[in-house]
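Read the structure below first, then the notes.
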Amino acid sequence: MDIKRRRMLTEPGDTLLLSKSSMDTAFRFTEWQEATGLTPNRFTADPICSVPLPIYTQVAAGARQFSAVKPEIMWHPLFWLPPRLAGRYNLPSGPDGALEVESTTMWSIRVALELTASGLYSIEDGWLDILATVGIDVENEIDLARVEEWQSGGVDDLLDSIDLDLYLALETNPNWALQSAMALAEPATQAQWAILADSLMEVVMDSYDAEENTPLAEVRKTIAVVASLAGVQLDEVPTDDEEPAEEFWARIELESRDGIYATVQEFLEGPATEALGWLTLTRDTYWESVEDLQSLQTTQAA
186 MDIKRRRMLT EPGDTLLLSK SSMDTAFRFT EWQEATGLTP NRFTADPICS
236 VPLPIYTQVA AGARQFSAVK PEIMWHPLFW LPPRLAGRYN LPSGPDGALE
286 VESTTMWSIR VALELTASGL YSIEDGWLDI LATVGIDVEN EIDLARVEEW
336 QSGGVDDLLD SIDLDLYLAL ETNPNWALQS AMALAEPATQ AQWAILADSL
386 MEVVMDSYDA EENTPLAEVR KTIAVVASLA GVQLDEVPTD DEEPAEEFWA
436 RIELESRDGI YATVQEFLEG PATEALGWLT LTRDTYWESV EDLQSLQTTQ
486 AA
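My numbering puts the first residue of the sequence shown at 186, with every later residue one more than the last.
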């Protein structure tokens, strides 16, 4: 079996669990959309996983799950997940044990854990080219046309035979990833908040360069971008005051774009300082979770 690995979005050393920065998350969202051809409603944007995950839906008989994906990207393991990993469990997590659909966060953690543990994703070497394992080269025009024909509903026994459980079903406990995801959901979420907040703090602090005398318009634009990202990525962070996170960041973005400020200093002492204070509090509140997860990963590696 040919073992070929490819890079897509990640760099050597990148884990699938937890994104490394807010900006990186936003860039990868755009890059994934452009590379795959998928519309945003067909993949997740939860930074708990460092790459977007395609969303599997019900398809008509004879149709293909990802017929709209660019055929040259169909080598990616994420487009070949078995049903138990592609779908979401109903879990007794509701009131009085009522069944609820597995959250995007928990599902994303489960996918990240399984793909990494199985070797379908290597932290150092990237993704396993699934099509190469059955002798199909997406850089070959004939092979690419074959994949495209199959995506359109054509019959192809070789492509139909691809089964990632050959890599995934190696654990004696088939529920290990779900159990791990349930245990990790809260600390991983808190760690991700801290990491995202820390990365946005850096953007805020770098928004004004005294030596370069950064123009007010440029500083305002930077803080508006920070507010826009935080409003999406950190909207579930609990706050002690009456202003929820989403409302806070909507206000900061509006002030950054339309507020009346005569000087850079006046703006920095207003919305920029508010933004930095909120981000600092979030980073400091949840950074212990980052350290705990780093310690856990170090222990497991040893």
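Backbone N, C-alpha and C fix where the C-beta goes; we use that ideal spot for every residue, glycine too.
As assigned by DSSP and simplified to three states, the class of V340: The residue you call residue 340 lines up with position 155 of the sequence shown. It is coil, neither helix nor strand.
Helix, strand or coil at W265 [DSSP, three-state]: The residue labelled residue 265 in the question sits at position 80 within the sequence shown. Residue state, collapsed to three classes: coil.
Residues that DSSP places opposite N275 in a beta bridge: Looking up residue 275 in the sequence shown gives position 90. The partner list for N275 (beta bridge, DSSP) reads V286.
Validate contact between the stretch 356-372 and the stretch 404-418 using beta carbons, cut 8 Å, 3 pairs: no
L343 and G320 closer than 9 Å at C-beta: For this step, residue 343 is matched to residue 158 along the sequence shown. For this step, residue 320 is matched to residue 135 along the sequence shown. Their beta carbons are under 9 Å apart, which means L343 touches G320 by this criterion.
Whole-angstrom distance between A330 and V340, CA atom to CA atom: The sequence position of residue 340 within the sequence shown is 155, counting from 1. The sequence position of residue 330 within the sequence shown is 145, counting from 1. Near 13 Å, if we compare the C-alpha coordinates of A330 and V340.
L464 beta carbon less than 9 Å from that of D383: For the purposes of this step, residue 383 is taken as the residue at position 198 of the sequence shown. For the purposes of this step, residue 464 is taken as the residue at position 279 of the sequence shown. Contact flag set, yes.
Nonlocal neighbours in the same chain, by C-beta distance under 8 Å from D350, ignoring five residues either side: Translated into the one-based positions of the sequence shown, residue 350 becomes position 165. Contacts found: P267.
Neighbourhood of A230 by C-beta distance below 7 Å, restricted to the same chain and skipping five residues each side: Counted from its first residue, the sequence shown places residue 230 at position 45. Counting only Cβ-Cβ distances below 7 Å, and skipping sequence neighbours, we find F214 and P237.
According to DSSP, residues forming a beta bridge with L439: If you number the sequence shown from 1, residue 439 lands on position 254. Answer by DSSP bridge pairing: none, since L439 is not bridged.
DSSP three-state assignment for W378, whether helix, strand or coil: In the sequence shown, the residue the question calls residue 378 occupies position 193. In the structure shown, W378 sits in a helix (DSSP, three-state: H, G or I).
Member of W292, R190, Q243 and N325 whose CA lies at the smallest distance from the CA of P256: Here residue 256 refers to the residue found at position 71 of the sequence shown. Of the listed residues, the one whose Cα sits closest to P256 is N325.
L507 - containing beta strand (DSSP E), residue span: Residue 507 falls outside the range modelled here, since the chain spans only 186 to 487, and no answer is possible.
Under the three-state DSSP convention, the category P280 falls into: Residue numbering aside, residue 280 sits at position 95 when the sequence shown is read from its first letter. DSSP places P280 in helix when its eight states are reduced to three.
C-alpha gap between M193 and E334, whole angstroms: Counted from its first residue, the sequence shown places residue 193 at position 8. Counted from its first residue, the sequence shown places residue 334 at position 149. M193 and E334: Cα-Cα distance of roughly 24 Å.
A412 vs D420 beta-carbon contact at 9 Å: As a position in the sequence shown, residue 412 is number 227, starting the count at 1. As a position in the sequence shown, residue 420 is number 235, starting the count at 1. Cβ atoms of A412 and D420: not closer than 9 Å.
Which of helix, strand or coil DSSP assigns to S307: For the purposes of this step, residue 307 is taken as the residue at position 122 of the sequence shown. Note: S307 maps to strand in three-state DSSP.
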